[in-house]
Structure formats: structure tokens, C-alpha cells
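Take a look at the structure below.
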Amino acid sequence: MDAQARGEWHKSLDEEELPEISEANILATFEQLHQSKEEVFERGVINLFKNLNRDYK
Numbered sequence: 003m004d005a006q007a008r009g010e011w012h013k014s015l016d017e018e019e020l021p022e023i024s025e026a027n028i029l030a031t032f033e034q035l036h037q038s039k040e041e042v043f044e045r046g047v048i049n050l051f052k053n054l055n056r057d058y059k
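Residues in the sequence shown are numbered from 3 upward in steps of one, following the working numbering.
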């Protein structure tokens with residue numbers, strides 16, 4: 003999970019009612035993370051290069 007996704011997740015936990023802790027909810031959370039892994043990886047790489055110093059060689 004990249005920093006942006008982690009921040010969004012923490013924000014949703016702070017602002018919304020927490021779901022019941024159950025096996026089904028835990029599995030659903032991991033399934034969602036697994037399904038979005040490519041998007042999260044891509045966004046992380048893009049953010050990495052956006053934050054590099056342009057003078058770096």
C-alpha cells in the first residue's frame with residue numbers, strides 16, 4: 003500500500019463508522035487490496051518520480 007492509499011484508508015477509518023471485525027470483513031479488505039495492487043504500485047512509482055529532484059543525474 004503506497005502512502006496515498008494508506009492516508010486515504012486512515013482518513014476513512016477516522017471519519018466513517020468502523021466495520022464489524024469479522025472474518026468476512028477481513029477477507030474482503032484483503033481481497034480489495036489484492037485487486038488494487040497494480041494500481042497502487044503504478045501510483046507509487048509515478049509519485050516517486052514526481053518527487054525526485056529534477057537536478058539529479
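Glycine is no exception: its CB is placed at the ideal position from the N, C-alpha and C atoms.
Everything numeric in this text was worked out from a predicted model, so none of it was measured.
Worksheet item: For G46 versus D16, is the C-beta distance shorter than 8 Å?
Response: Against the sequence shown, residue 46 aligns to sequence position 44. Against the sequence shown, residue 16 aligns to sequence position 14. No, they are not a contact pair.
Item to complete: Within the same chain, show all residues whose beta-carbon is closer than 7 Å to that of A7, passing over the 5 residues directly before and after it, in chain order.
Response: Stepping through the sequence shown from its first residue, residue 7 is reached at position 5. Here the set comprises V42.
Worksheet item: At which residues does the alpha helix (DSSP H) containing D16 begin and terminate?
Response: Position 14 of the sequence shown, counting from 1, holds the residue named residue 16. A5 to E17 is the span of the alpha helix (DSSP H), which, as asked, contains D16.
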